[in-house]
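A quick write-up on the structure given underneath.
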Amino acid sequence: MSQNSQTAHEIPVYDAAQIETKWQKVWEQNKSFATDTKKDCPKKYVLEMFPYPSGDLHMGHARNYTIGDVMARQARMRGFDVLHPMGFDAFGLPAENAAIKHHTEPSTWTYSNINQAISTMKRMGFSYDYQRMFNTCDPSYYTWGQWMFIKMWEKGLVYRGNSLVNWCPVCKTVLANEQVINGKCWRCDTISQKKKLSQWYFKITAYAQELLDDLDTLTGWPENVISQQRNWIGRSVGTEIDFSVLATCDSDKLASEQAEFITDEQRSSLGELEKLTVFTTRADTIYGVSFLVLPPESEVAAKLVQGTAYEEEFLKLKAATEKISAVDRQGSHREKNGVFTGRYALNPVNNRLVPIWIADYVLSDYGTGAVMGVPCGDQRDFDFAQKYNLEIAPIICSKDDALYDELCCEKELKVRHVTWDQAMEAQGYLVQSGPFTGMKGGKHSQAEEAITEYLTNKGCARKTVQYRLRDWLISRQRYWGNPIPMIHCDACGDVAVPLKDLPVLLPKHLNLENGQTLADSKEFYETTCPKCGKPARRITDTMDTFTCSSWYFLRYCDPHNTELPFSKEAVERFMPVDNYIGGIEHAILHLLYSRFWTKVMRDLGLCSIDEPFTNLLCQGMVRDEHGDTMSKSKGNVVPPSSVIEPFGADTLRLAILFIAPPEKDFDWDTEVVQGTNRFLKRAWRLAWQFVFAARDAGLSTTIVPNDSVLEHTNLTHAEQELIRALHTLGLKCTRDFDKNQFNTAISAIMELVNAASKCFVDQHETLNPHLALRLAHDIVLLLAPVCPHWAEEIYQQAFVDTSKPFDSIYDASWPVFDEQRTKQSRIEIVVQIQGKVRGHVEVDADASSEVIQQAALESVAAQLEGKTVKKVIVIPHKLVNIVAC
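For the sequence shown, full-length UniProt numbering gives the first residue as 1, with consecutive numbering after it.
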């Protein structure tokens, strides 16, 4: 391209605001991103976790949604039938609290925020199928949540139970176990309390083993998410062991006699005793049980101390424990507190008397709620025994331990007043353990198996599997949620609302500022029983908002269905989600619930998939310049508008992907924004210069030269190297997109722009027009997923016939790059003499060692004059070392 051609064409100004507004309108008018549901091409379902509409989108949203948008746009260009929807998780406590604070209705507050968020989404250029958008607070959506609740009720997967629950005193509602994070409410960070209430549950434990097993199939998930779910489900194979609890009179009598064991004769005279069942994964340590422990919230504990001298201290302990988080209660460094019940149980292996205690370090939701205290091998038991002067009996140790030599022949238990300052590692060989003395101990050990078999044969034990997972508590005592579609009748009990009467709608205009809930609305709760027609009361709890987000990805497949939540055919077409993007904070809550819900829908015959998400990407957090995570509560949020207004959405998209790998946290950096904006402007100028070069040479820019055309074009060596760079960097960009390494994909495009720019300058503006056109075309297409408005503008003005119907860049095919063309035709070899670099020689890339050696010797012939070459070492593609003297 000559100097005259540069002046003959004025490069268009890159006006980001004008260009972006223009193409957003065109895309919307043409419904460019509506899902085609073509059956003749492969599908790609790309989904970002939908937002809670508590306000406008922030930079964390911008990162999440840009990642998904790049995936979706590139998939379209690669020939996929793309489903890329969006909606809003619109029910929940934040909207209710915000409405109270702003003296308005939750619906008014929610829809106002939704409208603002949609506006920002469109301004960011996100390629959603907006025709599929829905909000979970819309009756057309939540009616199907109620419908599925009833179907689960009919299948026995829903029940109501009276139990201790986690209660948040600030949010004034119950919390599922998964919503108590480090002992605090997941929303407001208040320490949760325990409260006994009648609540509704989903029986997620019925799927515990399948949820665990199917984690092995999720090869596209991050390992840390798999690990968190595996640990939360918490499968433990162990033994339930029954201890016989002595009656009060027996305990008092034995205590006065200071008895330690009872004889078989004494045991038989006691008759049938009440059982206290413990769960343990270490049955081999049963000879070391010094006490049994119950949690303060245990009904058994309350019963044991009722009317005794220990009851007052028990009630004090229970009240104090309710103020301590579950995590803190189990902490190894926290002081343990307990109360003796005054009662004893019998150790089933030897009829040894075991005192029963109540302690705050034991939780009711582990195993059976009763625990064996084995202080010699458990640090928390050891600390408790030390504090309350309870026995510590060594029953397992290493053969290298001096204690083993002392006790190895002891079969009957002899309590030692140990001088340890901590528990021993419960590994090694049993001592003082009756007929099992000398056996190897440990989980799944010889001793564990033998003792379990012995106790099983006695009828007081059984092998069992326990899970840490507990049933999903879904009841919430607030207004802004999906009403539970159940009615309670004094005559008929709990009755499901007839399907024909769905949805159960929320009443309007409750006085939320005065603390009113559904339980205060006669309009809502007064009804008649669907079975007997008598007056009845509608259930006034609403469902946990996670019930709304546990199946929304299925509804996106068929969002306008009025007969079913979704059709099986639509779900079969698009599910499972191919790429799911969201925060690591949802590793247990949302992701576990969604997996459960999908399996239930499968068993109800609504779909046939086992898992909802094939690949999961957990994007990192966006931090402020001080390294603090951005949040509205901290007041350190950087709004997308702060970048869009001065630089444009494409600059923001480019910067937010270039700054770090998607799964990593990063500190927001305005210098990166400025740098990416400079790059976009430079790439803009270069693309137009190349387009003008092609036009000046008489080429039609609507016909882009392929490799065969370039092969028959007279190209310089520098231009041939530029073609090699195009294929090399194009392949790298494509592969990095496939691996979600967007920052390095962008780096490859930047490197290609730099190489093209350098060649353009080095060639003194005479770059071959065919090559110039190909470079401009491919650079624009490579940047299209990341910078859609920028790319669409150049593409439409330079590469398409605008007289024809609109043909978006996303209808164009992704550029094809050839691995064979990444290989160099000529390579440079270093030439050394005696290990020191003396020159360089250029040879064909496929030259033989002999040819390379000859070329190297010729290149340094002058320096070898008068010397004898002793040896020549050729390292292909790298160097030649000549040994001469």
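For glycine and all other residues, C-beta sits at the position ideal for the given N, C-alpha and C. Quick caveat: nothing in here was measured; it's all calculated off a predicted structure.
| query | Do you know offhand how far GLN427's Cα is from ALA447's? | reply | Cα-Cα distance, rounded: 11 Å.
- Query: In whole angstroms, what separates the C-alpha of VAL673 from that of LEU652?
  - Reply: 7 Å
**Item:** For GLY493: DSSP bridge partner residues
**Value:** CYS489
If you scan the segment 565–649 from start to end, which runs of the beta strand (DSSP E) of 3 or more residues do you find wholly inside it? 577–582, 613–618
### Message
Helix, strand or coil, according to DSSP, for MET543 in the structure here?
### Response
Strand, per DSSP.
From the DSSP secondary-structure annotation, give me the bridge partner or partners of LYS196. LEU164
Going by beta-carbon coordinates alone, are LYS357 and GLY369 separated by less than 9 Å? Reading off the sequence shown, one finds Trp at residue 357, where the question assumed Lys. The answer is no: Cβ separation not under 9 Å.
Is DSSP giving LYS534 helix, strand or coil here?
coil
Q | 6 Å CB neighbourhood of LEU654 in its chain, flanking five on each side removed | A | THR676, VAL786, CYS787
Discussion item. When you compare the CB positions of CYS376 and GLY441, do they come within less than 9 Å of one another, or not?
Written reply: At least 9 Å separates the beta-carbon of CYS376 from that of GLY441.
Name, in chain order, the residues that DSSP records as bridge partners for PHE799. None, per the DSSP bridge assignment.
Going by Cα to Cα distance, which pick from THR35, TYR361, VAL82, ILE703 is closest to LEU294?
TYR361
Grab me the residues of GLY582's own chain with a C-beta within less than 6 Å of its C-beta, minus the 5 sequence neighbours each way, in chain order.
Take GLY582, set aside five residues on each side of it, and the residues of its chain with a beta-carbon closer than 6 Å to its own are MET49, in chain order.
Going by beta-carbon coordinates alone, are SER631 and MET543 separated by less than 9 Å?
no
### Query
Whole-angstrom Cβ separation of SER127 and ALA72, contact assumed at under 8 Å?
Between SER127 and ALA72, the beta carbon gap of about 6 Å places them in contact (Cβ cut-off 8 Å).
*By Cβ distance below 7 Å, which residues in the same chain neighbour PHE546 in space, the five residues on each side in sequence not counted?*
LEU589, HIS590, TYR593
Original post:
Where does PHE243 sit, in a helix, a strand or coil, going by DSSP?
Top reply: strand
If you follow the beta strand (DSSP E) that LYS44 is in, where does it begin and where does it stop?
43–48
Exercise. In three-state terms, what does DSSP make of ILE67?
Worked result: In the three-state reduction of the DSSP assignment, ILE67 falls in the helix class.
Considering just the uninterrupted stretch of the beta strand (DSSP E) at LYS870, what are its terminal residues?
869–875
- Taking only the alpha-carbon atoms, compute the straight-line gap between GLN267 and ASN351 and give it to the nearest angstrom. The amino acid occupying residue 267 in the given sequence is Arg; Gln does not appear at that position. In this structure, the CA atom of ARG267 is about 8 Å from the CA atom of ASN351.
Inset, instruction - Give the C-beta separation of LEU157 and ALA90 to the nearest angstrom, bearing in mind that I take them to be a contact with Cβ-Cβ under 8 Å. - result: Actually they do not touch by this definition, with Cβ atoms about 25 Å apart.
Checklist entry - With burial defined as no fewer than 16 other Cβ atoms inside 10 Å of the residue's Cβ, what is the status of ASN182: buried or exposed? => result With fewer than 16 Cβ atoms within 10 Å of its Cβ, ASN182 is classed as exposed.
Quiz prompt | Residues near ALA755 by beta carbon distance below 7 Å, same chain, minus five either side | solution = LEU722, ALA725
Handout entry: Euclidean distance between Cα positions of ARG132 and THR285
Key = Each residue's alpha carbon lies about 59 Å from the other.
Assigned exposure category for ALA491 - 16 Cβ within 10 Å defines buried: exposed
Checklist entry - What residue range is occupied by the uninterrupted beta strand (DSSP E) comprising VAL837? => result 836–844
I need the straight-line Cα distance from GLN379 to LEU164, nearest angstrom please. GLN379 and LEU164 have their alpha carbons spaced roughly 28 Å apart.
On the three-state DSSP scale, how would you describe GLN832?
strand
Restricting to Cα atoms, I'd like to know which of TYR479, THR143, LEU752, ASP250 is closest to LYS508.
TYR479
Which residues in the same chain as ILE809 place their Cβ atom closer than 6 Å to its Cβ, once the five residues preceding and following it in sequence are excluded? ALA784, ALA791, GLU792, TYR795
> If you count every other CB in all the chains shown that lies within 10 Å of the CB of ARG538, and 16 or more means buried, which is it?
Replying inline: buried
Quiz prompt | Residues sharing a beta bridge with GLY220, DSSP | solution = ASN615
9 Å Cβ cutoff met for LEU390 and PRO355:
yes
Which of helix, strand or coil DSSP assigns to LEU403:
helix
Practice item. Classify PHE817 as helix, strand or coil using the three-state DSSP reduction. Key: coil
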